[in-house]
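Here's the structure we're looking at; comments come further down.
Numbering (my numbering), first residue to last: 1051 to 1436.
Structure follows, in structure tokens:
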């Protein structure tokens, strides 16, 4: 401007938006270090989508699973010859059931993690959708964190043996439901020891909740039902599902067998959701009970401290001189009685007890009239002798 030159034009607004609002994670931030060799490949890469379907809708007779679930796949990239341990965390542990939430993946291997949305929270989200629409679900703050770190070969071999004993994956627990408690404790201890270490890679994923168009009972998530299972869904009427309860398994048609399997799967999911809700309520009650116990102990301790501070010395004095205190009271009563007797005798000798005549009851009881007559006779006798 000093040399007559115009200032450069300001940068366009989208420049600031792109610079400040570009998502920056430890694996996608521009200029950041590349992922370490032990980082697992997570699918889906950035977000987990849960499709919220309604029970009892127009499509309730179909084989669509009403449970909101999602499947996450962890794959060993093969960039390292060692096994990699993983752990899945979430910001809402009472809303999502993650199985398995930790484990070990060998070189070139994969692990499927099933994530189930609890039925109670699903109904809450559907209620929010009914009031505010899809915008109420677009700003979900739920997140998942997938951590991975290298493990030694001895621990990986022991985990592989335990997993082989547990049996093949069943799609619900990820094949690690049969792991011993010792192995589970070792995995937990390993992650507790490696917290804050530089050899842990973190992968963050956001959560999206989606309600299908129509009555909400549309298609289920792609990860929870296969295309082959969706084909005969419309061919099995509700009557076949009800009749299959009394039909022997050997004489069932393929449609009835599929309907029976679907019914059992739905009941299993309901039991899982119910058990998760009971576990959450049990934890809440245990925490409340422990807090109440701590408050009660604190209150009792404060009361005991106040009692010791206010009556500690008096209590010790009462214990050491209890008999002496009773003796002192008796001696005091006897002393007062003797003093009153001596005072009465002295007043009677000096003739100064006339004031007691003014007392209504006491004057009559002492019979001052008789005493005065006797006194007058005694005085007359004394004068005659003189």
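The beta carbon of each residue, even a glycine, is placed where N, CA and C say it ideally should be.
Collapsed DSSP secondary structure at residue i in the structure displayed
i, result
"residue 1256", "strand"
"residue 1234", "helix"
"residue 1394", "helix"
"residue 1325", "helix"
"residue 1119", "strand"
"residue 1388", "helix"
"residue 1310", "helix"
"residue 1104", "coil"
"residue 1191", "coil"
"residue 1164", "strand"
"residue 1147", "strand"
"residue 1086", "coil"
"residue 1301", "coil"
"residue 1335", "helix"
"residue 1229", "coil"
Alpha carbon of residue i to alpha carbon of residue j, nearest angstrom
i, j, result
"residue 1262", "residue 1323", "22 Å"
"residue 1180", "residue 1229", "42 Å"
"residue 1335", "residue 1144", "14 Å"
"residue 1383", "residue 1345", "50 Å"
"residue 1095", "residue 1231", "31 Å"
"residue 1207", "residue 1156", "9 Å"
"residue 1396", "residue 1379", "26 Å"
"residue 1242", "residue 1308", "44 Å"
"residue 1343", "residue 1249", "41 Å"
"residue 1311", "residue 1340", "43 Å"
"residue 1385", "residue 1398", "20 Å"
"residue 1174", "residue 1304", "37 Å"
"residue 1387", "residue 1393", "10 Å"
"residue 1333", "residue 1325", "12 Å"
Beta-carbon spacing of residue i, residue j below 9 Å
i, j, result
"residue 1237", "residue 1306", "no"
"residue 1200", "residue 1132", "yes"
"residue 1260", "residue 1147", "no"
"residue 1098", "residue 1125", "no"
"residue 1121", "residue 1164", "yes"
"residue 1118", "residue 1172", "yes"
"residue 1123", "residue 1178", "no"
"residue 1088", "residue 1154", "no"
"residue 1258", "residue 1116", "no"
"residue 1092", "residue 1253", "yes"
"residue 1166", "residue 1357", "no"
"residue 1170", "residue 1327", "yes"
"residue 1086", "residue 1251", "yes"
"residue 1135", "residue 1302", "no"
"residue 1104", "residue 1187", "no"
"residue 1168", "residue 1354", "no"
"residue 1024", "residue 1158", "Given that the chain is displayed from residue 1051 to residue 1436, the structure contains no residue 1024 and the question cannot be resolved."
For residue i, the residue or residues it bridges with in DSSP
i, result
"residue 1141", "DSSP, once it has assigned bridges, lists no residue as partnering residue 1141."
"residue 1251", "1198"
"residue 1179", "Per DSSP, none; premise fails for residue 1179."
"residue 1136", "1153, 1198"
"residue 1130", "The partner list for residue 1130 (beta bridge, DSSP) is empty, contrary to what the question assumes."
"residue 1098", "1257"
"residue 1093", "1123"
Segment contact flag, the stretch 1180-1197 with the stretch 1137-1145, C-beta cutoff 8 Å, min 3 pairs: yes
Contact between the stretch 1182-1192 and the stretch 1347-1360 (3+ Cβ pairs under 8 Å): no
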